[in-house]
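Some notes on the structure that comes next.
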Amino acid sequence: MSSANQPVQGMSDIAAPEVRLWQRLERLARETLELYGFEELRTPVVEFEAVFTRSLGETTDVVQKEMYVFEKGGRRLCLRPEGTAGVMRHAAGLGAQETDGARWYYVGPMFRSERPQAGRKRQFHQCGVECLEPPSPRVDAEILALQVDLLRAWGLGDCEVRLNTRGEIGGQADVAAGLRAALAAREADLCEDCRRRISENVLRVLDCKNAACQAIVATLPPSTDFMGAASRDYLAQTAAHLDALGVKYRIDPLLVRGLDYYEHTVWEIASTALGAQNAVAGGGRYRMQIGGRELVGVGFAIGLERVVGVLQALGRDKDMVAPPPPLVWLVGLGDAALDRNLALMQELRAAKIACRMATGGSMKSQMRAANKSGAAFAVIRGDDELAQGVAALKDMASGEQVTLPLDRLASELAARTGAKR
RNA sequence: GUGGAUAUAGCUCAACUUGGUAGAGCACCAGAUUGUGGUUCUGGCUGUUGCGGGUUCAAAUCCCGUUAUCCACCCCA
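Shown next as structure tokens:
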């Protein structure tokens with residue numbers, strides 16, 4: 293309750309049993325991503341601020357108000373708010389022969405200083421990929437199919453994919469100008485925010501939730517009308533590849549993704565099982581200038597907190613985690629037995645048998661501890677057992693108890709717990 | 001950054017309206033059972049009522065501030 297034992301606002305501890313679900317998700321992710329030829333890339337959590345300000349765009353919310361920025365030794369540093377820019381910073385330091393065709397994935401914490409709410413933390417976790425193969429609708433479709441595949445592996449088969457295009461980077465000014473012109477006549481009817489957005493970030497008018505604005509937006513020509521034929525073709529081909537792959541999606545001309553580095557294919561994946569923050573994942577194709585190089589790729593990011601949130605909302609989280617291996621609890625009566633049990637634990641663990649013991653206490657309290665821990669078996673030794681070179685083995689579920697010679701204990705436990713040697 | 005709700009034992013909550021020095025269930029510890037857990041019975045422990053200030057003879061209760069949590073806006077994962 294006191295501030296001394298609380299984590300920082302918007303950041304939280306992930307403890308058992310929930311952490312076992314996280315471990316499971318990460319394991320499944322690595323398996324799936326490796327099937328698509330991706331290698332893990334671990335970039336630092338701390339980067340130069342400029343890595344993000346330049347690539348995401350100075351006017352984006354992430355850069356303007358959500359970054360954790362600090363100064364150290366006269367350098368402007370920050371906690372990474374997303375994964376792509378750091379991976380591109382890494383790529384910019386490599387030769388072209390190393391980045392061409394590179395496929396990297398990452399899993400780790402990201403930081404945004406927003407007000408916390410359901411499904412939103414200040415430290416949150418993303419699993420994402422970046423693919424630097426030459427631009428092609430084929431690659432975009434493959435990467436989106438991978439994301440859907442991964443979500444399905446996690447038990448989220450029922451998410452909705454919305455797809456859109458931002459067009460070629462060179463043509464984005466034309467799109468903005470076209471939308472501004474189309475909106476000019478109705479400017480007075482837009483909400484206060486949207487009147488500001490017309491000049492600052494006109495695409496944002498498209499996904500305004502204000503009913504009056506939506507009515508006006510519905511009368512606009514689709515933004516693809518302001519793009520060149522090549523951009524429209526790119527979207528159509530990507531959609532055709534997705535159809536061929538059996539990936540379900542909905543083309544949504546009003547889908548907006550705000551970061552400056554996007555071009556062509558963009559998408560978002562949402563789940564109805566979540567509250568207001570229902571986006572589980574997003575992705576798209578990008579082009580950015582960094583370290584004197586231009587890097588082109590396609591990638592996605594999945595919010596792990598939100599994946600966990602969906603699984604919990606659907607009640608699927610319990611089924612996804614395997615129980616820990618059967619535990620053996622060693623009960624020792626008296627110091628001599630406790631000492632010998634300490635050594636015995638080493639032998640059992642060498643035989644891959646999970647075990648624990650209490651540091652002392654009455655037999656009753658040790659048995660209680662065994663029960664509380666969920667131990668499958670108890671091994672009991674007192675002065676009598678030590679003298680005879682035996683141990684009592686008790687099955688905690690059935691209550692049955694047998695006395696075994698010590699040299700048979702490990703093999704008997706291995707057989708009963710299914711331990712692999 | 002803006003708005004609403006909330007903060008009491010390890011956990012879930014009661015007492016707040018109408019001020020009179022905090023209570024239940026679960027959990028935990030012990031005994032019944034002197035070498036046997038999980039059920040039962042009996043007993044026991046647990047609190048600067050988030051924090052700071054104010055009003056009052058008296059504050060968990062009323063007032064102000066502050067911090068945190070939850071939810072929503074903005075935006076996104």
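In terms of the working numbering, the first sequence is residues 293 to 713.
Just so you know, even glycine gets a beta-carbon here, dropped at the ideal spot from N, CA and C.
Of the listed residues the options, nearest to residue i (C-alpha basis)
i	options	result
MET277	ARG404, ARG598, LEU705 and GLY459	Nothing can be reported for residue 277: it is not among the residues displayed for the chain, which extend from 293 to 713.
GLU778	ALA683, ALA689 and GLY691	No answer is possible for residue 778: it lies beyond the span of the chain, which begins at 293 and ends at 713.
ASN570	ARG632, PRO545, ASP517 and LEU596	LEU596
CYS419	GLY652, ARG598, ARG542 and THR457	ARG598
LEU547	GLU452, VAL399, LYS610 and ASP441	GLU452
LEU333	GLU363, GLY375, ARG367 and LEU698	GLY375
TRP446	MET303, ASP676, LEU313 and PHE362	LEU313
LEU512	ALA477, ASN493 and GLN409	ALA477
HIS417	GLY385, ALA711, TYR526 and VAL572	VAL572
MET580	LEU348, GLY520 and VAL539	LEU348
VAL343	LEU320, MET303 and ARG367	ARG367
VAL338	LEU371, GLN506 and LEU317	LEU371
SER690	ALA388, ALA668 and LEU424	ALA668
ALA321	ALA384, ARG444, GLN389 and PHE362	ARG444
GLN389	LEU424, PRO697, GLY652 and LEU603	LEU424
Cβ pair residue i, residue j closer than 8 Å
i	j	result
GLU560	GLY550	no
PRO617	THR709	yes
ILE435	PHE592	yes
LEU495	VAL509	no
ARG632	LEU678	yes
CYS483	ASN456	no
LEU566	GLY589	no
PRO336	VAL354	no
GLN658	VAL623	yes
VAL421	TRP396	yes
LEU369	GLU341	yes
TYR578	TYR554	yes
GLY249	ASP676	A question about residue 249 goes unanswered here, because the residues of the chain that appear run from 293 up to 713.
ALA437	LEU537	yes
ASP481	CYS500	no
GLY302	LYS413	yes
ILE594	GLN439	yes
Residues that DSSP places opposite residue i in a beta bridge
i	result
HIS417	PRO401
ASN456	VAL558
THR695	ALA684
PHE592	VAL421 and GLY575
VAL671	LEU622 and LEU685
LEU369	PHE340 and PHE362
ALA646	LEU619
GLU597	Per DSSP, none; premise fails for GLU597.
GLU704	Beta-bridge pairing links GLU704 to no other residue.
TRP396	GLU331 and GLU422
ARG542	ARG454
GLN581	GLU586
ARG412	GLN409
Residue burial classification, residue i (beta-carbon count within 10 angstroms, cutoff 16)
i	result
LEU534	buried
ALA702	buried
LEU606	exposed
PRO309	exposed
ALA394	buried
VAL311	exposed
SER523	buried
ARG700	exposed
GLN638	exposed
GLY378	buried
THR564	exposed
VAL300	exposed
GLU350	exposed
ARG488	exposed
SER294	Confidence is the limiting factor: at SER294 the pLDDT is only 44, short of 50, which leaves the residue's position unreliable and the question unanswerable from this model.
LYS686	buried
VAL558	buried
GLY459	buried
GLY576	buried
SER515	buried
VAL694	exposed
ASN297	exposed
ALA711	buried
LEU327	exposed
PRO429	buried
Presumed contact (8 Å Cβ cut-off) between residue i and residue j, rounded CB distance
i	j	result
THR587	THR352	What sits at residue 587 in the sequence shown is Leu, not Thr. Contact doesn't hold; Cβ gap of about 19 Å is too wide.
LEU471	PHE518	7 Å
ILE582	MET402	With a Cβ gap of about 19 Å, ILE582 and MET402 do not count as contacting.
ALA643	ALA568	52 Å between Cβ atoms; not a contact.
ARG346	MET612	ARG346 to MET612, Cβ: 40 Å. No contact.
ALA650	ALA661	5 Å
GLU318	VAL399	6 Å
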